[in-house]
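In the numbering used here, the protein residues as written are 79 to 345.
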């Protein structure tokens, strides 16, 4: 039996709500086999990040070479890439192995507020990684940082998305979760226009790993052959279910339920 394959290049979350752990669960829930390249080890839980240890760039390169040489990878997502050196190694690997359907989740700050992307890495991400991206999935603060523009109103967000497109990305999804609107409005912006995806706002504190989960689900859809718009639509539905059925775990921002009881999440 053949199954599509997707790769996550991201950090490890010891609380398993975000990062590599969330990505692999999202891949499985959305019908693909997940591979991983770990870029950092974090000591964290639902309350905060206690320590971060970057993986040596040579080890990151070796992981990426190993999986790329043995598997037919259908899509890739990146998460925590904390330094310019790590971004450079990842970009080199993506180019060398010609890996398709790159989804970039430009992780900058953890849900707890702890910074995960160093200042010197932002420009490397903008200049070197975004031009390879089929889809970029910034939240509102990330969109503002990448674009250098405000992202308050819907028109602001569209302008920010177009500025990110100008950096080389082919599609930008501006996530609306950090806004106040209900329903939440996510915007998919490409060269042809703007499409809105609306979902009722799920109230609560179980929001750890929402960005990781959403971007991984998009990558899973692309690995299965969906269009970008269809992959975003499916990922939005999946994320809403994962949040609505989140378990009550931890003392801070709790994890999602990555295997919600919705029909599309079981292949």
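C-beta: ideal position from N, C-alpha, C; glycine also.
No experiment lies behind these values; they were computed from the predicted model shown.
- When the Cα atoms are used, residue 208 and residue 241 turn out to be separated by approximately 12 Å.
- Residue 79 counts as exposed, since fewer than 16 other beta carbons sit within 10 angstroms of its beta carbon.
- Considering only 275, 89 and 222, the residue with the shortest C-alpha distance to residue 260 is 275.
- DSSP, read as helix, strand or coil, puts residue 156 in strand.
- In this structure, DSSP gives residue 220 a helical state, which the three-state scheme calls helix.
- Scanning 126, 202, 152 and 215 for the CA closest to the CA of residue 163 turns up 202.
- The Cβ-Cβ distance between residue 180 and residue 145 does not fall below 8 Å.
- Here residue 165 has 159, 199, 202, 203, 206 and 207 as same chain residues with Cβ atoms under 8 Å from its own Cβ, once five neighbours each way along the sequence are excluded.
- Non-local C-beta neighbours of residue 104 in its own chain, meaning closer than 7 Å and more than five positions away in sequence, comprise 291, 294, 295, 298 and 336, ordered along the chain.
- Considered as a whole, the region 112-174 harbours 135-148 as its complete alpha helix (DSSP H) runs of no fewer than 4 residues, in chain order.
- About 7 Å separates the CB atoms of residue 83 and residue 301; that is less than 8 Å, so the two are in contact.
- It is roughly 10 Å from the alpha-carbon of residue 111 to the alpha-carbon of residue 149.
- For residue 315, the secondary structure class from DSSP, reduced to helix, strand or coil, is helix.
- Membership of residue 101 in the alpha helix (DSSP H) is indicated by the continuous run 97-107.
- About 5 Å separates the Cβ atoms of residue 310 and residue 266, confirming a contact at the 8 Å cut-off.
- In the three-state DSSP reduction, residue 81 falls in the coil class, being neither helix nor strand.
- In the three-state DSSP reduction, residue 92 falls in the coil class, being neither helix nor strand.
- Going by beta carbons, residue 88 and residue 97 fall inside the 8 Å limit.
- The residue among 289, 134, 304 and 175 with its C-alpha nearest the C-alpha of residue 321 is 289.
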